[in-house]
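Novice:
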Amino acid sequence: MMAEDSPWICRAPYSEGDGHRRYNGQSQFMCQSEFILTSKNFRNIFNFHNQVSYMTKEEYKQFSCSDIGVACGFQVRAKTNDEIMELAKVHATKAHGFKEIWPETEKKIKAAIKTVSVDVPKMT
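Residue numbering for the sequence shown follows the numbering used here, starting at 1134 and increasing by one per position.
(1) From the DSSP output, in three-state form, read off residue 1240 for me.
(2) With H, G and I counted as helix, E and B as strand and the rest as coil, what does DSSP make of residue 1191?
(3) So residue 1195 packs on residue 1241, CB below 8 Å; how close in whole Å?
(4) Would you call residue 1228 buried or exposed, if buried means 16 or more other Cβ atoms sit within 10 Å of its Cβ?
(5) Whole-angstrom Cβ separation of residue 1217 and residue 1225, contact assumed at under 8 Å?
(6) Going by DSSP in three states, residue 1247 sits in which element: helix, strand or coil?
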């Protein structure tokens, strides 16, 4: 994972001069996850990172609309095929205007589901 993709990496462009802004007398940094990282909650995040001993691989299911020939960038990962099917149905109704998923389309989706390895933090 690139540093820019990490939700915990603070963005420098939001800083002022000395690398941080002041808000009510506290140092703050804007982070990619769009919450303000203050000196008070930094300690909690730092402690979380100290509890992560290493990254481990877990198996997830993955589906993309493009896998069944639809020109759409939708991609979803979940632990089970049932979760994938539920999320794909919601996406099909909201983004593609489906009123229902036909059995043929459901078969295509199920056939296109892949198993992928994902890096996740391993807590100590």
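Just so you know, even glycine gets a beta-carbon here, dropped at the ideal spot from N, CA and C.
Specialist: In short, the structure shows the following:
(1) helix
(2) strand
(3) About 15 Å separates the two Cβ atoms, so there is no contact after all.
(4) exposed
(5) The pair is not a contact, with the Cβ atoms about 12 Å apart (cut-off 8 Å).
(6) strand
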